[in-house]
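To convert a position in the sequence shown, counted from 1, into this note's numbering, add 40.
Remarks on the structure that follows.
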Amino acid sequence: KGYGKPFSKAISGPPTAKPVPEDQKPQYVLKQDISEEQAIVYHLSGDYNPLHLEPAIGISAGFGGPILHGLSTFGFGCRFTSPVKLGGMCFTCVWEVGPGPNRTTKLTFITNNLPSGKANL
(Lines of atoms letter the chains of each structure in order from A and count residues from 1; the text may use other names and numbers.)
(Lines give C-alpha, C1' and ligand atoms only; values in the text may rest on other atoms or scores of the structure.)
Protein backbone atom coordinates (compact mmCIF):
# COMPACT_ATOMS: atom_id res chain seq x y z
CA LYS A 1 0.00 0.00 0.00
CA GLY A 2 3.02 2.27 0.10
CA TYR A 3 2.69 3.33 3.73
CA GLY A 4 4.36 0.41 5.45
CA LYS A 5 1.03 -1.26 6.16
CA PRO A 6 0.40 -4.87 5.14
CA PHE A 7 -2.29 -5.70 2.62
CA SER A 8 -3.92 -8.02 5.14
CA LYS A 9 -3.26 -9.64 8.48
CA ALA A 10 -3.35 -13.12 6.95
CA ILE A 11 -0.05 -14.84 6.34
CA SER A 12 -0.05 -17.36 3.56
CA GLY A 13 0.68 -20.93 4.52
CA PRO A 14 1.63 -23.76 2.24
CA PRO A 15 -0.91 -24.58 -0.46
CA THR A 16 -3.31 -27.36 0.35
CA ALA A 17 -3.36 -30.13 -2.18
CA LYS A 18 -4.73 -33.58 -2.58
CA PRO A 19 -2.05 -36.24 -2.97
CA VAL A 20 -1.17 -37.55 -6.39
CA PRO A 21 -3.31 -40.67 -7.02
CA GLU A 22 -0.73 -43.44 -7.28
CA ASP A 23 -3.27 -46.01 -8.51
CA GLN A 24 -4.44 -43.93 -11.52
CA LYS A 25 -2.84 -42.78 -14.73
CA PRO A 26 -2.89 -38.98 -15.11
CA GLN A 27 -5.71 -37.50 -17.19
CA TYR A 28 -3.32 -35.02 -18.77
CA VAL A 29 0.41 -35.11 -19.51
CA LEU A 30 2.19 -31.95 -20.62
CA LYS A 31 5.73 -31.43 -21.84
CA GLN A 32 7.19 -27.94 -21.83
CA ASP A 33 10.59 -26.96 -23.18
CA ILE A 34 12.42 -24.48 -20.96
CA SER A 35 14.52 -22.44 -23.37
CA GLU A 36 17.83 -20.86 -22.47
CA GLU A 37 16.21 -17.49 -23.24
CA GLN A 38 13.13 -17.92 -21.03
CA ALA A 39 14.78 -16.30 -17.99
CA ILE A 40 15.55 -13.21 -20.09
CA VAL A 41 11.82 -12.72 -20.73
CA TYR A 42 11.03 -12.90 -17.00
CA HIS A 43 13.89 -10.49 -16.34
CA LEU A 44 11.56 -7.91 -17.93
CA SER A 45 9.25 -8.32 -14.90
CA GLY A 46 11.73 -6.29 -12.88
CA ASP A 47 13.41 -9.21 -11.12
CA TYR A 48 17.07 -8.44 -11.75
CA ASN A 49 18.48 -11.23 -9.58
CA PRO A 50 21.62 -12.41 -11.42
CA LEU A 51 20.85 -15.99 -10.35
CA HIS A 52 18.48 -16.16 -13.32
CA LEU A 53 20.91 -14.88 -15.98
CA GLU A 54 24.54 -15.22 -14.92
CA PRO A 55 26.01 -18.74 -15.20
CA ALA A 56 28.80 -17.99 -12.69
CA ILE A 57 26.26 -16.88 -10.06
CA GLY A 58 24.11 -19.98 -10.59
CA ILE A 59 27.17 -22.22 -10.34
CA SER A 60 28.44 -20.51 -7.17
CA ALA A 61 24.96 -20.91 -5.62
CA GLY A 62 25.12 -24.66 -6.25
CA PHE A 63 22.57 -24.84 -9.07
CA GLY A 64 24.98 -25.61 -11.91
CA GLY A 65 23.95 -22.48 -13.82
CA PRO A 66 21.03 -20.04 -14.10
CA ILE A 67 17.59 -21.16 -12.90
CA LEU A 68 14.12 -20.10 -13.99
CA HIS A 69 12.19 -17.35 -12.16
CA GLY A 70 9.33 -18.48 -9.92
CA LEU A 71 7.15 -15.91 -11.68
CA SER A 72 7.04 -18.22 -14.69
CA THR A 73 4.61 -20.39 -12.70
CA PHE A 74 2.41 -17.47 -11.60
CA GLY A 75 -1.12 -18.66 -11.01
CA PHE A 76 -0.29 -22.12 -9.67
CA GLY A 77 -0.94 -22.87 -6.00
CA CYS A 78 2.32 -24.69 -5.39
CA ARG A 79 5.80 -24.53 -3.98
CA PHE A 80 9.10 -25.32 -5.63
CA THR A 81 10.76 -28.51 -4.44
CA SER A 82 13.86 -27.98 -6.60
CA PRO A 83 14.99 -25.36 -9.14
CA VAL A 84 13.95 -25.50 -12.79
CA LYS A 85 17.03 -25.56 -15.01
CA LEU A 86 17.17 -23.56 -18.22
CA GLY A 87 17.55 -25.49 -21.45
CA GLY A 88 15.72 -28.56 -20.15
CA MET A 89 12.17 -29.80 -20.25
CA CYS A 90 9.40 -29.96 -17.66
CA PHE A 91 7.08 -32.96 -17.70
CA THR A 92 3.78 -32.42 -15.84
CA CYS A 93 1.24 -35.11 -14.93
CA VAL A 94 -2.23 -33.84 -13.96
CA TRP A 95 -5.13 -35.59 -12.22
CA GLU A 96 -8.69 -34.34 -11.73
CA VAL A 97 -9.47 -34.75 -8.02
CA GLY A 98 -12.95 -33.29 -7.60
CA PRO A 99 -15.21 -30.30 -8.11
CA GLY A 100 -13.92 -26.81 -7.39
CA PRO A 101 -15.74 -23.54 -6.77
CA ASN A 102 -17.92 -21.91 -9.43
CA ARG A 103 -18.19 -24.96 -11.69
CA THR A 104 -14.44 -25.49 -11.90
CA THR A 105 -12.49 -28.71 -11.42
CA LYS A 106 -9.78 -29.18 -8.81
CA LEU A 107 -6.57 -30.63 -10.14
CA THR A 108 -3.46 -32.02 -8.54
CA PHE A 109 -0.19 -32.29 -10.41
CA ILE A 110 3.49 -33.01 -10.21
CA THR A 111 6.12 -31.46 -12.45
CA ASN A 112 9.49 -33.09 -13.03
CA ASN A 113 12.53 -31.52 -14.66
CA LEU A 114 14.01 -33.71 -17.40
CA PRO A 115 16.48 -35.31 -17.80
CA SER A 116 17.12 -35.43 -14.01
CA GLY A 117 13.56 -36.54 -13.17
CA LYS A 118 13.61 -34.45 -9.97
CA ALA A 119 10.23 -33.05 -8.91
CA ASN A 120 10.09 -29.23 -9.23
CA LEU A 121 6.51 -28.32 -8.39
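For each residue, glycine too, the CB sits at the ideal point set by N, CA and C.
Quick caveat: nothing in here was measured; it's all calculated off a predicted structure.
Rounded straight-line distance, which links the Cα of P155 to that of H83: Sequence index remark: in the sequence shown, residue 83 carries index 43 (1-based). Sequence index remark: in the sequence shown, residue 155 carries index 115 (1-based). Using only the alpha carbons, I get a separation of about 25 Å.
Alpha helix (DSSP H) runs contained entirely in the stretch 73-107, provided each spans 4 or more residues: 78-83 and 95-100
Simplified DSSP state of P141, which is helix, strand or coil: Working through the sequence shown from its first residue, we reach residue 141 at position 101. Helix, per DSSP.
Bridge partners - F131, DSSP secondary structure assignment: For the purposes of this step, residue 131 is identified with residue 91 of the sequence shown, where counting begins at 1. DSSP lists K71 and N152 as partners of F131.
Whole-angstrom C-beta distance between H109 and D87, which should lie under 8 Å: For the purposes of this step, residue 87 is identified with residue 47 of the sequence shown, where counting begins at 1. For the purposes of this step, residue 109 is identified with residue 69 of the sequence shown, where counting begins at 1. Contact holds; Cβ gap of about 6 Å.
At least 3 beta-carbon pairs within less than 8 Å: the stretch 57-66 vs the stretch 134-142: yes
According to DSSP, residues forming a beta bridge with L147: As a first step, residue 147 must be located in the sequence shown, where it is residue number 107. DSSP, once it has assigned bridges, lists E136 as partnering L147.
Those residues which DSSP pairs with K158 across a bridge: Locating residue 158 in the sequence shown gives position 118, counting from the first residue. K158 pairs with N153.
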